[in-house]
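Structure first, then comments.
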Amino acid sequence: GAPFWVIAVFRNNFQTVPGIFAIFGLFVAPFGSYLWYADKSNTTWPARLLGEEVMAVLIQLSILGRLLSAIVESYICYDHFSFVVALDSHDTKQFETEVQ
95 GAPFWVIAVF
105 RNNFQTVPGI
115 FAIFGLFVAP
125 FGSYLWYADK
135 SNTTWPARLL
145 GEEVMAVLIQ
155 LSILGRLLSA
165 IVESYICYDH
175 FSFVVALDSH
185 DTKQFETEVQ
């Protein structure tokens with residue numbers, strides 16, 4: 095089965111703390127990175143509304159959430175790739191047996 099951290103993210107349709115954190119990072123990190131690098135002078139409306147310190151914390155949390163979602167995505171890709179290779183290996187062995 096999948097590792098506990100993958101299950102924790104997907105449990106209850108992402109309605110757990112790790113799931114919400116991963117989805118928050120997935121959607122907010124690109125926008126947060128733009129705000130972080132595009133405007134350091136507090137002139138964007140989120141920075142004026144929340145303040146520089148709060149924005150910095152939210153952006154850093156979103157980057158950590160994005161890292162969590164990237165790790166989960168990497169595991170899913172690895173698991174699927176392993177399945178395809180195992181399936182291909184099985185089909186190749188079956189084909190070799192039929193040919194002989």
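Residue numbering for the sequence shown follows the working numbering, beginning at 95 and increasing consecutively.
Where a beta carbon is used, it is the ideal one built from N, C-alpha and C, also for glycine.
All of these numbers come straight from a predicted model, not from anything done at the bench.
Under the criterion of a Cβ to heavy atom distance below 6 Å, does residue i qualify as lining the ligand ATP?
| i | result |
| --- | --- |
| Ile114 | Because no ligand of any kind appears in the structure shown, any question about the ligand ATP cannot be addressed here. |
Output the distance between the C-alpha atoms of residue i and residue j, rounded to the nearest integer angstrom.
| i | j | result |
| --- | --- | --- |
| Leu155 | Trp139 | 19 Å |
| Glu167 | Asn107 | 16 Å |
| Tyr172 | Asp182 | 15 Å |
| Phe175 | His184 | 14 Å |
| Ile101 | Ala150 | 29 Å |
| Val179 | Glu146 | 49 Å |
If you check the beta carbons only, do residue i and residue j fall under 7 Å apart?
| i | j | result |
| --- | --- | --- |
| Phe125 | Gly159 | no |
| Val103 | Gly113 | yes |
| Leu161 | Ala116 | no |
Take residue i as the anchor and find which of the options has the nearest alpha-carbon.
| i | options | result |
| --- | --- | --- |
| Leu152 | Trp130, Val178, Ile170, Arg105 | Trp130 |
| Ile165 | Ala180, Ser127, Leu120, Glu147 | Leu120 |
| Ile157 | Tyr128, Phe177, Gln109, Val178 | Tyr128 |
- Task: Report yes or no: do three or more beta-carbon pairs, one from the segment 95-106 and one from the segment 141-151, lie closer than 8 Å?
- Result: Touching, no, given that fewer than three Cβ pairs across the two stretches are closer than 8 Å.
- Could you tell me which uninterrupted beta strand (DSSP E) segments, each at least 3 residues in length, are contained entirely in the segment 100-128, listed from first to last along the chain? Complete beta strand (DSSP E) runs here, min 3: none at all.
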